[in-house]
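Number of protein chains: 2
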Amino acid sequence: MSAADLEPLPPPPRNLRMVIEYDGTAYAGWEKQKNGVGIQQLLQGAIRQITGEDTSVNGAGRTDAGVHALGQVASFTLQKRMPAVDLHRALNAVLPDDVAVLALEDVSLYFHARFSATGKIYRYLILNEPVRAPLLARTSHHVRSPLDLDAMRAAARELEGRHDFAAFARDVEPGDETVRTIWAIDVEREGRCVAIYVAGDGFLYNMVRIIAGTLAHVGVGKISSADMPGVLASQKRSSSGPTLPARGLALLRVFYGGRPSARPKDSCREIATP
Amino acid sequence: MSAADLEPLPPPPRNLRMVIEYDGTAYAGWEKQKNGVGIQQLLQGAIRQITGEDTSVNGAGRTDAGVHALGQVASFTLQKRMPAVDLHRALNAVLPDDVAVLALEDVSLYFHARFSATGKIYRYLILNEPVRAPLLARTSHHVRSPLDLDAMRAAARELEGRHDFAAFARDVEPGDETVRTIWAIDVEREGRCVAIYVAGDGFLYNMVRIIAGTLAHVGVGKISSADMPGVLASQKRSSSGPTLPARGLALLRVFYGGRPSARPKDSCREIATP
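Now the structure itself:
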């Protein structure tokens, strides 16, 4: 067999990195479900429509149904040589109003949005007024009773650091690795809302929503910050607070290439602002 | 005929004032249309469901389809003696997520939300970034080109005061009174958006959306602030800018009992903050 008999090798694929914003209200989550469209599926459909290629879009965080993103990151490979700036514009032209690609660029073939990620910041918004707010209904959870922010901050301090977060996760199976490091939890009054920012190297299933529910219980006086070490030590889901609804949660930012700062207790705001 | 033959007079009705917030995306506007539900109709239905009474809910501003409100005011009369605090809670329990009554109280029978109003503040939100923002898609209009805020502010100064705003209104008929007083127009950078606040004693049809469209044209350099006196003087709709989409507009607040401040050029923010 001579060299001429060999099929020419296809050109190496390119690897692209995208930053995505979405209003998750209408979606089954990042991944599709039996009864709903996933953001991943929608993006793959848009890429196919423009390039004719079937590709797998890998997201950094598999957000649940109804969860939003202001800075989800995803990567995918492509054969087509279309400039990234043109593909970016074309994607936003075919995607619906509630999903947009904020940035798109060619990256090293070694980059993988999920496996290369070294941390994430999430925000949970609690509308904290006597009456619900229609213009914030899709993006916040309503708590009528006034929240004690100082108590919530004291509890947040207890959760920061490297801990076993089994008590703050859904569906933990025996043998699952449940130790994670929370870099910072900030609790801020923002207009009509209380915003809880949680930054860390990794998150268990429903972890941010359970942390938010636990801090909300602290905020209304049902439990105290002094209970937090015991809740962590229990490793029991039943000892932490409720899982707050998906609508209040948004994935703000994904980190790559190591922890963004050397200080042990940065505020999420400092981390989130590049 | 003796006094005993007379029917007893019904008790005098009570008059109630409500402050309403709504996400107008799903509605035909304040008033119902052939093809859509109105906010007014929705409120009247909720009041009927709770009290059994048919009443007419009079709104201060007849917002168009897709326009939002953070402080719409409405009044209605009622026979039923239910405490306002209970009616308030019951209304919010039956209204959908995108409409809420923020406040409800008994007021003098002389109060009428529309005829007693002495002014209003509206806000128009322009998302001013290269890419559209899914989480702001329902509440803002997207302008890609960077807006020159100083130029917009200079143009806003020319529109403040008492003028004939015929050039800034839709469907003006000969003989219509088109003189209005704009108390203040503020142009502010707010996060990813440019917010235009317009406060005044009254507004013509589409007036705020046309003012916003004209200021946006100034912001991208299509016209200049020096053109504003000529646009006003022309009294022609064709000389002002485009009517921006309804989604960016929100009725923030309605005033009663005279102008909120004696100074001639208050900022809207000062006026809006009681």
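Chains U and G are the protein sequences, given in the same order.
Residues 1 to 274 (the working numbering) make up the first sequence, in order.
Residues 275 to 548 (the working numbering) make up the second sequence, in order.
For every residue, glycine included, the Cβ atom is placed at its ideal position computed from N, Cα and C.
**Asked** So, are the CB atoms of Phe255 (chain U) and Thr63 (chain U) less than 8 Å apart?
**Response** no
**Asked** In whole angstroms, what separates the C-alpha of Glu462 (chain G) from that of Gly493 (chain G)?
**Response** 12 Å
**Prompt:** Using the beta-carbon of each residue, which ones in chain G are nearer than 8 Å to Pro13 (chain U)?
**Reply:** Those do not exist, as Pro13 (chain U) stays about 25 Å from chain G at its closest Cβ, beyond 8 Å.
**Prompt:** For Thr413 (chain G), which three-state DSSP category applies?
**Reply:** coil
**Asked** Would you call Asp98 (chain U) buried or exposed, if buried means 16 or more other Cβ atoms sit within 10 Å of its Cβ?
**Response** Asp98 (chain U) comes out buried.
**Prompt:** How big is the Cα-Cα spacing for Glu129 (chain U) and Ala195 (chain U)?
**Reply:** 13 Å
**Asked** In terms of residue numbering, what span does the beta strand (DSSP E) encompassing Ala233 (chain U) cover?
**Response** No beta strand (DSSP E) contains Ala233 (chain U), which is instead part of the alpha helix (DSSP H) from 228-234.
**Asked** At what residues does the beta strand (DSSP E) containing Ala199 (chain U) begin and finish?
**Response** 193-200
**Request:** Answer yes if the region 158-178 of chain U comes into contact with the region 215-233 of chain U, meaning at least three C-beta pairs across the two stretches below 8 Å, and no otherwise.
**Result:** yes
**Message:** Pop quiz: Gln346 (chain G) and Gly335 (chain G) are said to be a contact at Cβ under 8 Å. What is the actual Cβ separation, rounded to whole angstroms?
**Reply:** Here Gln346 (chain G) really is in contact with Gly335 (chain G); their C-beta atoms are around 6 Å apart, less than 8 Å.
**Item:** Residues in the region 342-371 of chain G having any Cβ partner in chain U nearer than 7 Å
**Value:** His342, Leu344, Asn366, Asp371
**Request:** Below 7 Å between beta carbons is the criterion; list the residues of the region 13-43 of chain U that meet it against any residue of chain G, in chain order.
**Result:** From the region 13-43 of chain U, only Glu21, Tyr22, Asp23 have a Cβ closer than 7 Å to chain G.
**Request:** Identify, in the order they occur along the chain, each residue of the same chain with its Cβ nearer than 7 Å to the Cβ of Glu305 (chain G), setting aside the five sequence neighbours on each side.
**Result:** Cβ contact annotation for Glu305 (chain G) (same chain, cutoff 7 Å, sequence separation greater than five): Gly312, Gln314, Arg336, in chain order.
**Message:** Can you confirm whether Pro134 (chain U), when its beta carbon is compared against all beta carbons of chain G, has any partner nearer than 8 Å?
**Reply:** yes
**Message:** Only counting the same chain, and skipping five residues up and downstream in sequence, which positions put a Cβ closer than 7 Å to that of Leu352 (chain G)?
**Reply:** These residues qualify, in order along the chain: Pro287, Arg288, Leu290, Thr325, Glu327, Thr329.
**Prompt:** In terms of residues, what are the limits of the beta strand (DSSP E) holding Ala103 (chain U)?
**Reply:** Element bounds for Ala103 (chain U): 99-107.
**Asked** Which two residues bound the contiguous alpha helix (DSSP H) that contains His217 (chain U)?
**Response** 207-219
**Cβ neighbours of Ala133 (chain U) in the same chain (closer than 8 Å, five flanking residues each side left out)** = Leu127, Ser140, His142, Arg192
**Prompt:** Counting Cβ pairs, one atom from each stretch, are 3 or more of them under 8 Å apart for the region 469-485 of chain G and the region 443-459 of chain G?
**Reply:** yes
**Request:** Compute the distance between the beta-carbons of Val131 (chain U) and Asn366 (chain G), then report whether it is under 8 Å.
**Result:** yes
**Message:** Going by beta-carbon coordinates alone, are Ala428 (chain G) and Ser513 (chain G) separated by less than 8 Å?
**Reply:** no
**Message:** Output needed for Asp5 (chain U): all residues of its chain with C-beta closer than 8 Å, excluding positions within five of it in sequence on either side, in chain order.
**Reply:** none
**Request:** Report, in whole angstroms, the separation of the C-beta atoms of Leu252 (chain U) and Tyr122 (chain U), which I expect to be a contact under 8 Å.
**Result:** 6 Å
**Asked** Comparing the C-beta of Ala275 (chain U) with each C-beta of chain G, is any distance below 8 Å?
**Response** The structure shown does not extend to residue 275 (chain U), since chain U is modelled only from 1 to 274, so the question has no answer here.
**Request:** Using a Cβ cut-off of 9 Å, pull out every chain A residue sitting near Val254 (chain U), in sequence order please.
**Result:** Included in the structure are the protein chains U and G, with no chain A among them.
**Request:** Examine chain G for any beta-carbon lying closer than 8 Å to the beta-carbon of Val131 (chain U), and answer yes or no.
**Result:** yes
**Request:** Measure from the alpha carbon of Arg237 (chain U) to the alpha carbon of each residue in U:Val198, U:Ala169, U:Ile182, then state which is nearest.
**Result:** Ranking U:Val198, U:Ala169, U:Ile182 by Cα distance to Arg237 (chain U) puts U:Ala169 first.
**Asked** Looking at the unbroken beta strand (DSSP E) that takes in Met163 (chain U), where does it start and where does it end?
**Response** A small fix is needed here, since residue 163 (chain U) is His in this sequence, not Met. Residues 161-164.
**Message:** Counting only beta-carbon separations shorter than 8 Å, does Ala65 (chain U) have a partner in chain G?
**Reply:** Cβ-Cβ to chain G under 8 Å: no for Ala65 (chain U).
**Beta-carbon contacts of Leu70 (chain U) that lie in its chain and below 6 Å, excluding the five residues immediately before and after** = Glu21, Ala250, Leu252
**Asked** Using a C-beta to C-beta distance shorter than 8 Å, which residues of chain U count as neighbours of Ala411 (chain G)?
**Response** Asp23, Asp97, Asp98
**Request:** Would you tell me roughly how many angstroms separate the C-alpha atoms of Leu376 (chain G) and His362 (chain G), rounded to the nearest one?
**Result:** 8 Å
**Prompt:** Cα-Cα, which of U:Gly24, U:Ile211, U:Leu147 is closest to Gly288 (chain U)?
**Reply:** Nothing can be reported for residue 288 (chain U): it is not among the residues displayed for chain U, which extend from 1 to 274.
**Gly487 (chain G) versus Ala430 (chain G) - alpha carbon distance** = 12 Å
**Request:** Grab me the residues of Ala217 (chain G)'s own chain with a C-beta within less than 8 Å of its C-beta, minus the 5 sequence neighbours each way, in chain order.
**Result:** Summary: the structure shown does not reach residue 217 (chain G), with chain G confined to residues 275 through 548, and so no result is reported for it.
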